[in-house]
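So the sequence lines, in the order shown, correspond to chains V and P.
Position 71 (the first sequence) corresponds to 71 in my numbering; numbering is contiguous.
Position 38 (the second sequence) corresponds to 38 in my numbering; numbering is contiguous.
Positions of the beta carbon are idealized from the N, C-alpha and C atoms, including for glycine.
Small disclaimer: the values here were computed from a predicted structure and weren't measured.
What follows is a set of notes on a single structure, which appears directly below.
Number of protein chains: 2
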Amino acid sequence: MNDSFRRLPDEKKRRIRDAALEEFAQRGFDGASTNRIVAAAGISKGSLFKYFSSKDELYIYLADETMAEIIPIMKSRIAALPSDIAERIGLMSEAIIDIYVANPRYYRFFMGMLDAGARHIQMEIMKRHGEALGFMDLFSGVDDRRFRLPAESVFLLIKWLFAGIKQELFELTSVQNDPGLLKQGFMERLDTVLDLMEHGIYRSEA
Amino acid sequence: MNDSFRRLPDEKKRRIRDAALEEFAQRGFDGASTNRIVAAAGISKGSLFKYFSSKDELYIYLADETMAEIIPIMKSRIAALPSDIAERIGLMSEAIIDIYVANPRYYRFFMGMLDAGARHIQMEIMKRHGEALGFMDLFSGVDDRRFRLPAESVFLLIKWLFAGIKQELFELTSVQNDPGLLKQGFMERLDTVLDLMEHGIYRSEA
DNA sequence: TATTTGAATGACCGGGCGGTCACAATCGAC
DNA sequence: GTCGATTGTGACCGCCCGGTCATTCAAATA
Chain V
1 MNDSFRRLPD EKKRRIRDAA LEEFAQRGFD GASTNRIVAA AGISKGSLFK YFSSKDELYI
61 YLADETMAEI IPIMKSRIAA LPSDIAERIG LMSEAIIDIY VANPRYYRFF MGMLDAGARH
121 IQMEIMKRHG EALGFMDLFS GVDDRRFRLP AESVFLLIKW LFAGIKQELF ELTSVQNDPG
181 LLKQGFMERL DTVLDLMEHG IYRSEA
Chain P
1 MNDSFRRLPD EKKRRIRDAA LEEFAQRGFD GASTNRIVAA AGISKGSLFK YFSSKDELYI
61 YLADETMAEI IPIMKSRIAA LPSDIAERIG LMSEAIIDIY VANPRYYRFF MGMLDAGARH
121 IQMEIMKRHG EALGFMDLFS GVDDRRFRLP AESVFLLIKW LFAGIKQELF ELTSVQNDPG
181 LLKQGFMERL DTVLDLMEHG IYRSEA
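Okay, structure coming up:
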């Protein structure tokens with residue numbers, strides 16, 4: 001990002017950020033069009049490329065902003081993370097959904113950031129935020145003494161489960177748009193599923 | 001697909017199918033280029049658009065072919081599906097990975113078909129193959145008498161888990177390319193995780 | 001008011017896209 | 001060998017892309 005962008009009035013900066021965030025969130029990096037971004041932001045194309053030297057740089061800037069918004073929230077939750085794995089998943093999911101409730105635009109951009117996208121962008125994101133993303137580690141310091149099986153198996157299950165949850169949340173957020181209702185419905189379902197995971201599917205043996 | 005395509009020598013048809021399948025599998029519908037497809041297939045662009053009236057039609061044709069390849073395999077497995085949900089997941093996952101082993105190209109195209117892609121293509125795929133895809137229903141006829149909680153909670157957990165498994169498999173197949181080894185490693189991990197799901201994470205209460 | 005100066009603009013560039021079409025090549029019938 | 005029909009070809013079309021830059025505009029200085 002160029003200094004000239006930093007010097008811009010806040011309102012104009014906001015318009016540009018919002019337009020770009022929205023476009024990237026909806027279409028992904030490759031599908032996003034700088035023409036649509038400038039039209040939505042109400043600026044000329046020349047200006048956009050004075051503020052940011054390339055589409056890549058604009059995307060990276062938004063990624064930085066998004067991480068700066070999200071990481072502190074996540075860290076504050078993680079600081080108080082319980083050692084029980086199921087509780088941990090519950091709290092983590094709640095943190096993620098809270099981020100969505102507070103700012104859907106950042107949330108959807110963030111989710112898009114983590115998967116599909118051009119290779120060189122993926123690598124740059126990882127170089128810049130890999131450590132911070134690693135911070136969202138669900139597994140360190142878990143109390144595994146009561147696990148029936150190797151901890152790594154448990155972690156694998158949870159990794160898979162979380163991938164599914166992430167996808168479910170992403171789909172939900174593109175349909176339901178009352179954040180309060182969405183959160184309530186989601187947390188209820190998550191609770192029963194976590195209970196299930198903890199105790200297994202079946203009643204204990206006779 | 002035009003009749004002129006049907007009349008083509010099998011070897012030429014195969015070249016075109018393989019080139020297109022590969023391109024779509026690698027880049028998705030939007031990212032795929034008909035220019036690269038004709039170059040890889042060794043035909044002219046004019047020919048491709050004589051055989052198929054549009055990129056859309058080519059994609060739909062490949063989807064039909066892929067489904068014709070995959071559905072019978074899935075159905076034969078489903079016919080013998082046990083009523084126990086965990087066994088069922090195991091068998092289903094094995095069926096999917098077997099499809100990958102037998103034909104990686106179809107497999108990756110198929111996986112890409114199910115998510116990312118242009119809207120109108122998604123809808124056409126669902127109109128044509130929605131029912132067949134519904135056939136891969138894991139949940140009908142499950143023995144839920146011993147479930148501790150409502151069946152729908154169990155099914156939700158499994159839906160999430162499967163989304164995670166699907167993603168894991170997709171990532172694995174882009175790194176490891178000895179199908180035999182891949183299958184073995186995956187099935188081992190799947191087994192312990194299924195056991196976990198069945199009995200829960202923790203040892204039974206003291 | 002005239003002059004300077006930095007920001008804003010949008011026509012324009014080269015390139016890739018999906019798709020077309022006038023023409024060339026090929027083949028079978030006689 | 002000739003001729004009509006079918007198939008194959010690639011230059012070309014209009015469009016949109018990311019990115020550039022000569023020009024215009026607006027505000028501060030003198």
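| Asked | Found |
| --- | --- |
| Give me the residue from P/D18, P/G112, P/G141 and P/G117 with the minimum Cα distance to P/R36. | P/D18 |
| Taking all protein chains shown into account, decide if V/G42 is buried (16 or more other Cβ within 10 angstroms of its Cβ) or exposed. | exposed |
| Could you work out which residues of chain V lie near P/R105, taking near to mean beta carbons separated by less than 7 angstroms? | Result: empty, since nearest Cβ-Cβ is about 20 angstroms, beyond 7 angstroms. |
| Go ahead and pull the three-state DSSP assignment for P/F147. | strand |
| Thinking C-alpha only, which one of V/I71, V/R14, V/Y100 and V/A39 is nearest V/Q184? | V/Y100 |
| Between V/N103, V/D195, V/A39 and V/S54, which has its C-alpha nearest V/D178's C-alpha? | V/N103 |
| Where do the ends of the alpha helix (DSSP H) carrying V/R203 lie? | Per DSSP, V/R203 belongs to no alpha helix (DSSP H) and is neither H nor E. |
| By the 7 angstroms beta-carbon criterion, what residues does the stretch 137–158 of chain P contribute toward chain V? | R146, F147, R148, L149, S153, V154, L156 and L157 |
| With C-beta atoms as the reference, is V/I96 less than 8 angstroms away from P/I201? | no |
| Which value, in whole angstroms, describes the spacing of the CA atoms of P/A118 and V/G31? | 11 angstroms |
| What residues in its chain sit with their C-beta under 6 angstroms from that of P/A206, if we drop five residues either side in the sequence? | Legend: pLDDT at P/A206 = 43, less than 50; position of this residue unreliable, value from coordinates given subsequently. None. |
| Could you spell out the range, first to last residue, of the alpha helix (DSSP H) harbouring P/S4? | D3 to R6 |
| May I ask which residues mark the beginning and end of the alpha helix (DSSP H) holding P/A102? | I85 to A102 |
| If you pair each beta-carbon of the stretch 136–154 of chain P with each one of the stretch 70–90 of chain P, do three or more pairs fall below 8 angstroms? | yes |
| From V/S53 to V/V38, what distance separates their C-alpha atoms? | 14 angstroms |
| Thinking C-alpha only, which one of P/D98, P/P72, P/R105 and P/S83 is nearest P/G180? | P/D98 |
| Using a Cβ-Cβ cut-off of less than 8 angstroms, list which residues of the stretch 32–66 of chain V approach chain P; keep chain order. | none |
| As a quick exercise: from P/L169, P/G164 and P/R148, pick the residue whose alpha carbon is nearest that of V/K159. | P/G164 |
| Quick one: does V/L181 have its CB under 8 angstroms from some CB of chain P? | no |
| Between P/T173 and chain V, is there a C-beta pair that is closer than 8 angstroms? | no |
| Between the Cα of P/F29 and those of P/K75, P/I70 and P/R108, spot the shortest distance and give me the residue it belongs to. | P/R108 |
| Rank V/M136, V/T173 and V/R189 by C-alpha distance to the C-alpha of V/L73 and give the top, closest one. | Here residue 73 of chain V turns out to be Ile, not Leu, going by the sequence shown. That would be V/M136, whose Cα lies nearest to the Cα of V/I73. |
| Under a three-way DSSP split, which group does V/L133 fall into? | helix |
| Quick one: Cα of P/V154 to Cα of P/M92, how far? | 17 angstroms |
| Counting contacts by CB-CB distance shorter than 8 angstroms, is P/M197 in contact with chain V? | yes |
| Which runs of the beta strand (DSSP E) at least 3 residues long sit entirely within the stretch 166–198 of chain V? Give them in chain order. | none |
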